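These notes concern the structure reproduced below.
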Amino acid sequence: MVCQTLQRRARWLSRRGLLELDILLSKFLASPLFETLSDKELAIYIQILEWQDHDLLDILQGTKSHRKSDVRNIIQKIKFCSKIG
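Residue 85, in the numbering used here, is where the sequence shown stops; the numbers in between run on with no holes.
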């Protein structure tokens with residue numbers, strides 16, 4: 001069962017200083033994909049949210065990539081939601 005505390009923390013940390021990130025992340029938070037994240041995936045998402053705004057935006061825009069596959073998986077889910085939203 002997904003920890004509600006992790007979900008609340010993720011929602012809070014998703015509020016960003018850059019409008020572009022706010023838009024991308026709010027679409028992800030509103031999607032069913034966010035609700036189906038496991039505790040492990042939520043923990044990874046929270047780690048991603050601890051990055052600097054510009055680093056996160058670069059990765060979401062595809063100008064940079066990340067070497068860890070579990071991080072790339074979450075990034076792909078965020079990108080997917082931004083395309084369908």
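Idealized CB from N, CA, C, for every residue including glycine. Predicted model only: the values in this text are computed from it and were never measured.
* To do: Leaving aside the five residues before and after R15 along the sequence, list all residues of the same chain whose C-beta is less than 6 Å from its C-beta, in chain order.
  => Position 15 of the sequence shown holds residue 15. Excluding sequence neighbours, R15 sits near nothing in its chain.
* So does the region 26-39 actually touch the region 53-63, counting three or more Cβ pairs closer than 8 Å? -> no
* **First and last residue of the uninterrupted alpha helix (DSSP H) at Q7** => Position 7 of the sequence shown holds residue 7. It spans Q4 to L13 - the alpha helix (DSSP H) in which Q7 sits, taken as one unbroken run.
* Asked: Just curious, the alpha helix (DSSP H) that K68 is in, first and last residue?
  -> Translated into the one-based positions of the sequence shown, residue 68 becomes position 68. Annotation for K68: no alpha helix (DSSP H) segment contains it, and DSSP assigns it neither H nor E.
* Out of C81, E50, I23 and K40, state which residue places its alpha-carbon closest to the alpha-carbon of I3. => Here the question's residue 3 lines up with position 3 in the sequence shown. In the sequence as presented, Ile is not what sits at residue 3; that position holds Cys. Checking every option, the nearest Cα to that of C3 belongs to K40.
* To do: Put E50 into one of helix, strand or coil per three-state DSSP.
  => As a first step, residue 50 must be located in the sequence shown, where it is residue number 50. Correct three-state label for E50: coil.
* Asked: So what does DSSP say about S82, is it helix, strand or coil?
  -> For the purposes of this step, residue 82 is identified with residue 82 of the sequence shown, where counting begins at 1. Of the three classes helix, strand and coil, the one that applies to S82 here is helix, per DSSP.
* To do: Measure from the alpha carbon of K83 to the alpha carbon of each residue in Q52, S26 and H66, then state which is nearest.
  => Here residue 83 is taken as the residue at index 83 of the sequence shown, counted from 1. The residue with the shortest Cα to Cα distance from K83 is S26.
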